[in-house]
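Protein sequences appear in the order of chains A and B. Position 37 of the first sequence, counting from 1, maps to 17 under the numbering used here, and the rest follow consecutively. Position 179 of the second sequence, counting from 1, maps to 673 under the numbering used here, and the rest follow consecutively. Here the structure comes first, spelled out in structure tokens, and everything after it is commentary.
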Amino acid sequence: MHLSSRPAVSDAPAPDQDALPAPALTADARPLSRAAKGEVGRVIRVGLDGAPHDSLDPDELERRLLEIGFVEGARVEILHEGLFGRDPIAVKVDDMRVALRRREAEAILITAWQQPDASGATPRAVAEDRRS
Amino acid sequence: MNAIAPVLQTAPRIALVGNPNCGKTALFNALTGSRQKVANYAGVTVERKEGSFTTPEGRRVQVLDLPGTYSLRARSPDEEVTRDVVLGRFKGEAEPDLLVCVADATNLRLVLRLVLELKQVGRPLLLALNMFDIARHRGIEIDIGRLSAELGVPVVPTVAVRKAGTADLLKHIDTVAVELAGAASAGANTWHEPSAEEVRATHREADRIIKLAVRPPTKPDTWTTRLDAVLLNPVAGLLILLTVLFFMFQAVFTWAQPAMDGIKAGFDALAAWINGAMPDGILRSLITDGVIAGVGSIIVFLPQIVILFTFIILLEDFGYMPRAAFLMDKIMGGAGLHGRAFIPLLSSFACAIPGIMATRVIDNRRDRLATIMVAPLMTCSARIPVYTLIISAFVPDRTVGGVFSLQGLVMFGLYAAGILSALLVAFVMRRLVWRGTVEPFLMELPAYKVPDVKNLVMGVWTRAKAFLQRAGTTILSIMILIWFLSSFPGAPAGATDPAIDYSIAGMVGHWLQPLVAPIGFNWQITVALIPGMAAREVAVAALGTVYAVGGAGGGGEENVTALMDTLGHSWSLATALSLLAWYVFAPQCASTLGVVRRETNSLKWPLIMFGYMLTLAYLASFATYHIAASLGWA
């Protein structure tokens, strides 16, 4: 696998990527920033889709969230909340833990988590399967 | 393999890259031992850690520990250094011959994405799976051959904290060195800043590789979950944090005291011995009052720095720091500071110098600068002698409301004034001056780990050495300058006034008098403030000198009592309160300015600090003096 061939993946509009925001519009889709402690969900969209954000350039925010593991298909679980205004939040992202403010969590859209099948497939693999 | 490898004349240079918290520094320590050097990168405030080691085949290898990052797409000055060194375009840094990407073997997902990015750079690359023992213990199975084949990068397991845990890595470096010597230059660099879609694509690729080569843990890390349930609990977690902080503050404040007293006594004895052994003269004065007093005033901070950094490194290695930042984020955020700023600020109650050095735990440059700028407003222990002297001379010793001592309340008020003004200044800096650049709070909460003693000792030693080398030179030169100003020219023969009156400091004091008259200072105070620049508490001794109490530079309990009486008679209450207000804000500490100069790597920030603190001090004293005078206390 050569990385030099990689940009091609994104240069050509990948159909599965374009299809991705569509299921986001299901009834239970909502930003991670509104989730309460103990909630489990699956990330269905990262980024604000061009909407402005009050602290960072939206594209920069999107990439930072992706780089720390918030990627479409990831399983997220709110583990802890801060004392004041229940902010920031500690989130389990797949098998690691990340702390962030609710303000940044606005850019992550989640949907209720459905238990993957018992075959041991990773959450993200399930999401990929669903996409294709 | 050619054992002698005559082709490679120069020492190969390797650079360690990796995610934050991957054990990169532990691996760096394991490789280099004590053969390491800490400095700053040219022109930036980013810490540069370099070391060297010898491979089994006798090659001497230079190794650079680069700041941790999740991507080559730099978002902070630290990460820019990592990117530019990796790409070989950092001015003044040689290009690395080999990149060693360090991974926490228990947490591979994000680092594999980084490896895929690093591969595009075209340099020889190696993946070191650190903490391999913990991964195995948890039942994580990593097919190294498969991982290496899928990534197209050699993979070596390492255990930084165990002896011989780096043997495989060293062997590999020897192999690579031979290949390097034979090969032409590095491959083409195809790296470019990835777009969000490209980040997603590398994530998918990393996931695909993980599915093929890594079996998930059979025994997940339940300790971290259990500890977090308590340590991140909104109420219990905050209480535990405050307890930890209180303990740390106490330790820096009290445990260091005997050692500091010992150091002080040692230097005093040395000065006394030289005073006895040498004839009186300028040289003797330079040695005892300039050099020995100067060196002593630097080394005296060492116990506090060692204790503070022992705590900080323990908490960092344990994985508690990001949790503490999580708990404090909202509170500190109100003032526009980052959650991580509280440790430096708390340490500044003991002394701003270790506090400012501790701001290194803050990644973002502006957050760090804001914290550095307000750290000296925290009431440090050097202000206590001055506060005590003035309070006991002027504030009546009576109780208020039956329980509180009035003197204690004034002391508390001075502490509170410091904290409030620090929060206010931080607020102005972060919310008004640097508006619109709120750094997001986004950090990994790593799994808890038992700190390694060797790593701790190495870390504290590096800090202490850096402090002595870097701050020491600046502080010492300022001390000698202040000595010079207070000693020259000497008093003429038959002079009756104290010698300092005739010195440059004395002249400057008289000259500045009209400027400080509006805030109620007399010329004696002004003169005493000049040697007081060396360190706040020196002003007490200087006041003693100016008022000619207890002879030349005398200290001791009875002299302080005598000085209290003198001050009580010669100052008005308004002047005394004005001086207290002055001391809350005044940049009366050359060492702090010296450390700020070193830590920010610029003259601009210490000058700004000096300017804004001086302005605040003047305004506060002016207001205090006039309010007190209007109350009839003049």
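All C-beta atoms in this analysis are idealised placements derived from N, C-alpha and C, irrespective of residue type, glycine included.
>> Does B/Leu939 come out as helix, strand or coil in the three-state DSSP assignment?
In response: Start at 1 with the first residue of the second sequence, and residue 939 of chain B comes out as number 445. Three-state result, B/Leu939: coil.
> chain A partners of B/Asn601, CB-CB under 8 Å?
Replying inline: On the second sequence, position 107 is the one that residue 601 of chain B refers to. Residues of chain A passing the Cβ test: Asp75, Met76.
> Whose C-alpha, out of A/Val23, A/Gly27, A/Leu12, is nearest the C-alpha of B/Ala690?
Replying inline: Translated into the one-based positions of the second sequence, residue 690 of chain B becomes position 196. The residue with the shortest Cα to Cα distance from B/Ala690 is A/Gly27.
> Given B/Arg607, which residues of its chain have a CB within under 7 Å of its CB, disregarding the five upstream and five downstream residues?
Replying inline: Within the second sequence, the letter at position 113 stands for residue 607 of chain B. The answer, listed in chain order, is Thr696, His697, Ala700.
>> Can you tell me whether B/Phe528 is buried or exposed? The criterion is at least 16 other CB atoms within 10 Å of its CB, across all chains shown.
In response: The residue labelled residue 528 of chain B in the question sits at position 34 within the second sequence. A small correction: the amino acid at residue 528 of chain B is Ser; Phe does not occupy that position in the sequence shown. With fewer than 16 Cβ atoms within 10 Å of its Cβ, B/Ser528 is classed as exposed.
> If you count every other CB in all the chains shown that lies within 10 Å of the CB of B/Thr1109, and 16 or more means buried, which is it?
Replying inline: Here the question's residue 1109 of chain B lines up with position 615 in the second sequence. Its Cβ having fewer than 16 others within 10 Å, B/Thr1109 is exposed.
> Hey, does B/Ser565 have any beta-carbon neighbour from chain A nearer than 8 Å?
Replying inline: Locating residue 565 of chain B in the second sequence gives position 71, counting from the first residue. Yes, B/Ser565 counts as interfacial toward chain A.
> So what does A/Val20 bridge to, in DSSP terms?
Replying inline: For the purposes of this step, residue 20 of chain A is taken as the residue at position 40 of the first sequence. Answer is A/Glu57, bridged to A/Val20.
> CA-CA distance, B/Trp767 and B/Val580?
Replying inline: On the second sequence, residue 767 of chain B is found 273 positions in, with the first residue counted as 1. On the second sequence, residue 580 of chain B is found 86 positions in, with the first residue counted as 1. In a straight line, the C-alpha of B/Trp767 is about 54 Å away from that of B/Val580.
>> Using the three-state DSSP reduction, which class does A/Asp75 fall into: helix, strand or coil?
In response: Position 95 of the first sequence, counted from the first residue, corresponds to residue 75 of chain A. Coil at A/Asp75, not helix or strand.
> Between B/Arg632 and B/Thr600, is the Cβ-Cβ spacing less than 8 Å?
Replying inline: Reading the second sequence from its first residue, position 138 is the one you call residue 632 of chain B. Reading the second sequence from its first residue, position 106 is the one you call residue 600 of chain B. In contact: B/Arg632 and B/Thr600 (Cβ atoms closer than 8 Å).
>> Which residue wins for smallest C-alpha separation from B/Val894, given the options B/Leu903, B/Ala887, B/Ala765?
In response: Translated into the one-based positions of the second sequence, residue 894 of chain B becomes position 400. Minimum Cα distance to B/Val894 is reached at B/Leu903.
> Any beta-carbon of chain A closer than 8 Å to the one on B/Asp572?
Replying inline: Within the second sequence, residue 572 of chain B is the residue found at index 78, counting from 1. No Cβ of chain A is located within less than 8 Å of the beta carbon of B/Asp572.
> Are B/Arg920 and B/Gly830 close, meaning C-beta to C-beta below 8 Å?
Replying inline: Walking along the second sequence from the start, residue 920 of chain B turns up at place 426. Walking along the second sequence from the start, residue 830 of chain B turns up at place 336. Before going further, note that residue 920 of chain B is Ala rather than Arg in the sequence given. In contact: B/Ala920 and B/Gly830 (Cβ atoms closer than 8 Å).
>> Which of the three DSSP states is assigned to B/Pro1025 in this structure?
In response: For the purposes of this step, residue 1025 of chain B is identified with residue 531 of the second sequence, where counting begins at 1. Helix, per DSSP.
>> Going by DSSP in three states, B/Gly902 sits in which element: helix, strand or coil?
In response: Locating residue 902 of chain B in the second sequence gives position 408, counting from the first residue. Here B/Gly902 sits in helix by DSSP.
> Does B/Pro514 come within less than 8 Å of chain A when only Cβ atoms are used?
Replying inline: Against the second sequence, residue 514 of chain B aligns to sequence position 20. Taking a beta-carbon distance threshold of 8 Å, B/Pro514 does not count as an interface residue toward chain A.
>> At the 8 Å Cβ level, is B/Arg694 part of the contact set with chain A, yes or no?
In response: By 1-based counting over the second sequence, the position of residue 694 of chain B is 200. Yes, B/Arg694 counts as interfacial toward chain A.
> Between which two residues does the alpha helix (DSSP H) carrying A/Pro38 extend?
Replying inline: Along the first sequence, read from residue 1 onward, the residue named residue 38 of chain A stands at position 58. Per DSSP, A/Pro38 belongs to the alpha helix (DSSP H) from 38 to 47.
> Comparing the C-beta of A/Val23 with each C-beta of chain B, is any distance below 8 Å?
Replying inline: To locate residue 23 of chain A, count along the first sequence from 1; it is residue 43. Judged by the 8 Å Cβ criterion, A/Val23 is not in contact with chain B.
>> Rounding to the nearest angstrom, what Cα-Cα distance links B/Met937 and B/Leu604 in this structure?
In response: As a first step, residue 937 of chain B must be located in the second sequence, where it is residue number 443. As a first step, residue 604 of chain B must be located in the second sequence, where it is residue number 110. Cα-Cα distance, rounded: 13 Å.
> From which residue to which residue does the beta strand (DSSP E) around B/Gln530 run?
Replying inline: Residue mapping note: residue 530 of chain B aligns to position 36 of the second sequence, counting from 1. It spans 530 to 534 - the beta strand (DSSP E) in which B/Gln530 sits, taken as one unbroken run.
> Along chain A, which residues have their Cβ under 8 Å away from the Cβ of B/Pro561?
Replying inline: The count along the second sequence starts at 1 and reaches residue 561 of chain B at position 67. Residues of chain A passing the Cβ test: none, with the nearest at roughly 15 Å.
> Under 8 Å between the Cβ atoms of B/Ile799 and B/Pro848?
Replying inline: The residue given as residue 799 of chain B occupies position 305 in the second sequence. The residue given as residue 848 of chain B occupies position 354 in the second sequence. Yes, the Cβ-Cβ distance between B/Ile799 and B/Pro848 is below 8 Å.
> How would you label B/Met822, buried or exposed, when you count the other beta carbons within 10 angstroms and need 16 or more for buried?
Replying inline: Counting from 1 along the second sequence, the entry for residue 822 of chain B is found at position 328. Its Cβ being crowded by 16 or more others within 10 Å, B/Met822 is buried.
>> Does the CB of A/Val20 have a neighbour CB from chain B at under 8 Å?
In response: On the first sequence, position 40 is the one that residue 20 of chain A refers to. Answer no: the Cβ-Cβ gap between A/Val20 and chain B never drops below 8 Å.
> Among B/Arg1091, B/Ile1013, B/Leu979, which one has its Cα closest to the Cα of B/Ala490?
Replying inline: Residue numbering for chain B in the displayed model covers 495 to 1128; residue 490 of chain B lies beyond these limits and cannot be assessed.
> Considering only the beta carbon of each residue, do B/Pro590 and B/Leu558 sit closer than 8 Å?
Replying inline: Working through the second sequence from its first residue, we reach residue 590 of chain B at position 96. Working through the second sequence from its first residue, we reach residue 558 of chain B at position 64. Yes; because the gap between Cβ atoms is below 8 Å, this pair is in contact.
>> For chain A, check one thing: does any of its Cβ atoms lie closer than 8 Å to the Cβ of B/Pro690?
In response: As a first step, residue 690 of chain B must be located in the second sequence, where it is residue number 196. Per the sequence shown, residue 690 of chain B should be read as Ala rather than Pro. Taking Cβ atoms only, chain A reaches closer than 8 Å to B/Ala690, which makes this a yes.
> What's the gap between the Cα of B/Ala707 and the Cα of B/Ser570?
Replying inline: In the second sequence, residue 707 of chain B corresponds to position 213, counting from 1. In the second sequence, residue 570 of chain B corresponds to position 76, counting from 1. About 33 Å.
>> Measuring CB atoms only, is the segment 631 to 645 of chain B touching the segment 560 to 568 of chain B, in the sense that at least three cross pairs come out at less than 8 Å?
In response: Inter-segment contact for the segment 631 to 645 of chain B and the segment 560 to 568 of chain B is absent: fewer than three beta-carbon pairs are separated by less than 8 Å.
> Apart from the five residues just before and just after B/Leu1133, which ones in its own chain have a Cβ nearer than 6 Å to its Cβ?
Replying inline: Chain B is shown only over 495 to 1128; residue 1133 of chain B falls outside these bounds and no answer can be derived.
> DSSP on A/Ala87, reduced to helix/strand/coil?
Replying inline: Walking along the first sequence from the start, residue 87 of chain A turns up at place 107. Reduced to three states, the DSSP call for A/Ala87 is coil.
> Any C-beta of chain A sitting closer than 8 Å to the C-beta of B/His697?
Replying inline: For the purposes of this step, residue 697 of chain B is taken as the residue at position 203 of the second sequence. Closer than 8 Å to some Cβ of chain A, the Cβ of B/His697 qualifies, so yes.
> From B/Leu863 to B/Thr1094, what does the alpha carbon distance come to, in whole angstroms?
Replying inline: Here residue 863 of chain B refers to the residue found at position 369 when the second sequence is read from its first residue. Here residue 1094 of chain B refers to the residue found at position 600 when the second sequence is read from its first residue. The alpha-carbon atoms of B/Leu863 and B/Thr1094 are separated by roughly 8 Å.
> For B/Ser1115, which residues of its own chain have a beta-carbon under 6 Å away from its beta-carbon, when the five flanking residues on both sides are left out?
Replying inline: Position 621 of the second sequence, counted from the first residue, corresponds to residue 1115 of chain B. Here the set comprises Ile1013, Ser1072, Ala1075, Trp1076.
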